[in-house]
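Positions 6 to 382 (my numbering) are the ones given, in order, by the sequence shown.
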Amino acid sequence: MTAVDERLDPKDLVLRFLASIGRPREAESYLALYRARAAFAIVHASDPVVAGAVDALAADLRLLDELGLRPVLTFGAIDPGGAVARAQAVAARVAHAEVVPAAEVEAVLAAGRLPLVPLSGPAIDARFDALATLAARTGAEKLVFLGRRSGLQPRDGRVVSLVDLARPDDYDPLLATLPARQAALLRQIARLVDRVPHRVTVSVTSPLDLLRELFTVKGAGTLVRRGARVTRYGSWAELDAPRLIALVEDAFGRPLRADFRERAFASAYVADDYRGAAIVTDTALAPYLSKFAVTTVARGEGVGGDLWRVLADEHPRLFWRSRAENPITAWYREQADGLVKRTIDGSAWVVLWRGLEPTEIALAVAICERTPPDFST
């Protein structure tokens with residue numbers, strides 16, 4: 006048996022742990038993003054968390070501290086009574102923590118300490134407005150509400166994984182089925198998202214799932230956000246070509262061929278400041294999805310689903326191909342009417358389609374087989 010090297014740096018141990026709960030590349034992407042921000046997240050701890058799971062919360066905070074990450078920890082948004090005492094209870098279990106008013110958060114973060122902020126005020130609207138102001142002032146794009154359970158769960162139903170505030174068919178019916186306390190939380194989250202001037206996502210989860218929510222695309226619990234804005238372009242000249250190429254190369258982890266920009270397309274759909282894009286070309290059969298690319302972090306926010314809804318609405322007939330080992334292939338299967346497996350240039354591929362007739366499938370496969378490679382390696 007090989008002995009464990011006890012000399013491993015604590016940060017290496019934390020990184021190994023993060024890799025164990027998701028793909029290493031995902032954890033690395035989130036870590037790089039968070040380290041680039043002074044206030045990478047605002048985390049709100051509910052009364053039940055402090056009363057019954059404070060040790061789990063403290064363990065999460067210590068792991069984040071090993072990585073040099075310190076969220077802004079808040080208390081009392083739902084029930085303000087005793088918020089100061091709850092903040093002090095957490096501070097007693099975590100190093101480098103300091104209970105401060107919201108106005109002092111930036112100074113505490115700059116000093117390398119963890120700010121714990123009790124929220125006050127008689128009205129719940131005012132307390133959530135204070136959270137929105139804090140997010141706007143610090144630039145935090147991630148808010149996490151920690152409760153006893155991971156996610157919003159309708160009565161007699163499953164936990165809801167994603168709520169898109171831009172889609173009334175997501176938000177309105179859910180409000181009617183949630184327990185009163187969760188419905189009140191969702192209403193306040195919707196107000197908060199509307200009041201923050203920059204893009205922000207809000208998660209509802211538990212301390213046991215906090216790291217999974219922060220460092221994996223799939224997350225854990227319920228993600229609440231406003232759907233991405235998708236813009237359609239008809240040519241390379243209409244869009245920012247270098248940014249689109251950089252997005253595709255980042256998403257696939259491979260360089261595109263030098264002539265890729267010279268290839269005409271029928272339409273390109275770009276989401277949320279080039280965090281996701283889909284490129285469609287014309288063929289004699291039907292539109293062909295040449296590229297579907299979303300950054301790692303944007304995948305975790307549901308931007309891929311936003312892109313796909315626009316794509317599917319505008320192209321009821323569509324076909325495309327994907328490498329069999331590509332992680333997104335499993336998701337593609339859920340969007341497709343059918344698929345066939347093929348070997349192309351010595352590699353395993355899957356050809357997928359929507360809206361094609363059975364007699365058209367052979368031609369779709371033939372087009373995919375003779376489509377030239379897009380990447381140089």
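Where is the CB? At the ideal position from N, CA and C, for every residue including glycine.
- Rounded straight-line distance, which links the Cα of E254 to that of W325: As a first step, residue 325 is located in the sequence shown; it is residue number 320 there, counting from the start. As a first step, residue 254 is located in the sequence shown; it is residue number 249 there, counting from the start. Distance between the alpha carbons of W325 and E254 is about 18 Å.
- Burial state of V104, where buried means 16 or more other Cβ atoms lie within 10 Å: The sequence position of residue 104 within the sequence shown is 99, counting from 1. Label assigned to V104: buried.
- What distance in whole Å lies between the Cβ atoms of G144 and H203, which are believed to be in contact at a cut-off of 8 Å? Looking up residue 203 in the sequence shown gives position 198. Looking up residue 144 in the sequence shown gives position 139. About 7 Å separates the two Cβ atoms, so the contact holds.
- With a threshold of 16 other CB atoms inside 10 Å of the CB of S295, please say whether the residue is buried or exposed. Within the sequence shown, numbered from 1, the residue matching residue 295 stands at position 290. Burial call: buried.
- Message: Can you tell me whether A116 is buried or exposed? The criterion is at least 16 other CB atoms within 10 Å of its CB, across all chains shown.
- Response: As a first step, residue 116 must be located in the sequence shown, where it is residue number 111. Looking at its Cβ environment, which holds fewer than 16 other Cβ atoms inside 10 Å, A116 is exposed.
- Item | Environment of F265 [buried if 16+ CB atoms lie within 10 Å] | Taking the sequence shown and counting its residues from 1, one reaches residue 265 at position 260. Counting Cβ neighbours within 10 Å, F265 comes out buried, since at least 16 surround it.
- Can you have a look at A88 and say buried or exposed, based on whether 16 or more other CB atoms are within 10 angstroms of its CB? Position 83 of the sequence shown holds residue 88. Counting Cβ neighbours within 10 Å, A88 comes out buried, since at least 16 surround it.
- Query: What is the DSSP secondary structure of A96, reduced to helix, strand or coil?
  - Reply: Translated into positions along the sequence shown, residue 96 becomes position 91. Of the three classes helix, strand and coil, the one that applies to A96 here is helix, per DSSP.
- Item | T301 beta carbon less than 8 Å from that of V222 | Here the question's residue 222 lines up with position 217 in the sequence shown. Here the question's residue 301 lines up with position 296 in the sequence shown. Yes, these two residues count as a Cβ contact at 8 Å.
- Under three-state DSSP, which class holds G81? Here the question's residue 81 lines up with position 76 in the sequence shown. Coil, per DSSP.
- Item | Strand pairing of R359, partner residues [DSSP] | Reading the sequence shown from its first residue, position 354 is the one you call residue 359. R359 pairs with L323.
- Please check the pair L385 and A369, which I expect to be a contact at CB under 8 Å, by giving their CB distance rounded to whole angstroms. Given a span of 6 to 382 for the chain in the structure shown, any question on residue 385 remains unanswerable.
- Query: Buried or exposed: which applies to S155, given that a residue is buried once 16 or more other Cβ atoms fall within 10 Å of its Cβ?
  - Reply: Working through the sequence shown from its first residue, we reach residue 155 at position 150. Buried, by the Cβ-count rule.
- Query: Measuring CB to CB, does S352 end up less than 8 Å from R375?
  - Reply: Taking the sequence shown and counting its residues from 1, the one referred to as residue 352 is at position 347. Taking the sequence shown and counting its residues from 1, the one referred to as residue 375 is at position 370. No, Cβ-Cβ distance for S352 and R375 is not below 8 Å.
- Query: For P123, which option in L62, F150, A92 has the closest C-alpha, if you only look at C-alpha atoms?
  - Reply: Looking up residue 123 in the sequence shown gives position 118. Out of L62, F150, A92, A92 has the C-alpha closest to the C-alpha of P123.
- Item | D65 - containing alpha helix (DSSP H), residue span | Counted from its first residue, the sequence shown places residue 65 at position 60. Looking at the DSSP string, the run of the alpha helix (DSSP H) that includes D65 is 59 to 71.
- State the start and end residues of the unbroken alpha helix (DSSP H) segment that holds F133. One-based indexing of the sequence shown puts residue 133 at position 128. Unbroken alpha helix (DSSP H) run through F133: 129 to 143.
- By a C-beta neighbour count over all protein chains shown, 10 Å radius and 16 as the cutoff for buried, is R338 buried or exposed? Here residue 338 corresponds to residue number 333 of the sequence shown, with the count starting at 1. With fewer than 16 other Cβ atoms within 10 Å, it is exposed.
- Measure the alpha-carbon distance for V205 versus K147 and round it to whole angstroms. In the sequence shown, the residue the question calls residue 205 occupies position 200. In the sequence shown, the residue the question calls residue 147 occupies position 142. Their Cα atoms are separated by approximately 6 Å.
- Closest Cα partner of A242 within the set L179, R231, A269: Numbered from its first residue, the sequence shown carries residue 242 at position 237. Measuring from the Cα of A242, the nearest candidate turns out to be A269.
- Task: Note the first and the last residue of the continuous alpha helix (DSSP H) segment covering F220.
- Result: Counting from one through the sequence shown, the residue named residue 220 turns up at place 215. Per DSSP, F220 belongs to the alpha helix (DSSP H) from 215 to 220.
- Query: Buried or exposed: which applies to F380, given that a residue is buried once 16 or more other Cβ atoms fall within 10 Å of its Cβ?
  - Reply: As a working note, residue 380 is residue 375 in the sequence shown. That one is exposed.
- Item | F265 in three-state terms, based on DSSP | Start at 1 with the first residue of the sequence shown, and residue 265 comes out as number 260. Three-state result, F265: helix.
- Query: For the 8 Å Cβ check, are there 3 or more pairs between the stretch 70 to 80 and the stretch 35 to 47?
  - Reply: yes
- Closest residue to V3 among D177, D311, L167 (Cα-Cα distance): Given a span of 6 to 382 for the chain in the structure shown, any question on residue 3 remains unanswerable.
- Task: Flag A96 as yes if its beta-carbon sits less than 8 Å from any beta-carbon of chain D, otherwise no.
- Result: The structure shown contains no chain D; it holds only a single protein chain.
- Cut-off 6 Å between Cβ atoms - residues of its own chain near R237, not counting five sequence neighbours on either side: Here residue 237 corresponds to residue number 232 of the sequence shown, with the count starting at 1. Only S272, Y274 meet the Cβ criterion.
- Alpha carbon to alpha carbon, how far is R153 from A189? Reading the sequence shown from its first residue, position 148 is the one you call residue 153. Reading the sequence shown from its first residue, position 184 is the one you call residue 189. Between R153 and A189, the C-alpha separation is close to 16 Å.
- Query: Under a three-way DSSP split, which group does E11 fall into?
  - Reply: On the sequence shown, residue 11 is found 6 positions in, with the first residue counted as 1. The predicted position of E11 is uncertain, since its pLDDT is 49 and thus under 50; no value can be drawn from it.
- Query: Thinking C-beta only, is A61 closer than 8 Å to L213?
  - Reply: As a first step, residue 213 must be located in the sequence shown, where it is residue number 208. As a first step, residue 61 must be located in the sequence shown, where it is residue number 56. Yes. Within cutoff.
- Proximity below 8 Å, CB of A303 to CB of V201: Position 298 of the sequence shown holds residue 303. Position 196 of the sequence shown holds residue 201. Contact flag unset, no.
- Item | 3 or more residues per run - each beta strand (DSSP E) lying fully within the stretch 290 to 316 | 293 to 299
- Query: Based on Cα-Cα distance, which residue from T364, W354, P363, L312 lies nearest to Q340?
  - Reply: Counted from its first residue, the sequence shown places residue 340 at position 335. Selected option, being the one with the closest Cα: L312.
- Query: Under the DSSP definition of a beta bridge, which residues are partnered with E103?
  - Reply: Working through the sequence shown from its first residue, we reach residue 103 at position 98. Its beta-bridge partners are P120.
- Which residues in the same chain as P85 place their Cβ atom closer than 7 Å to its Cβ, once the five residues preceding and following it in sequence are excluded? Numbered from its first residue, the sequence shown carries residue 85 at position 80. Excluding sequence neighbours, P85 sits near L124, S125, G126, R132.
- Task: Identify every residue that forms a DSSP beta bridge with L151.
- Result: As a working note, residue 151 is residue 146 in the sequence shown. Paired residues: A50, T210.
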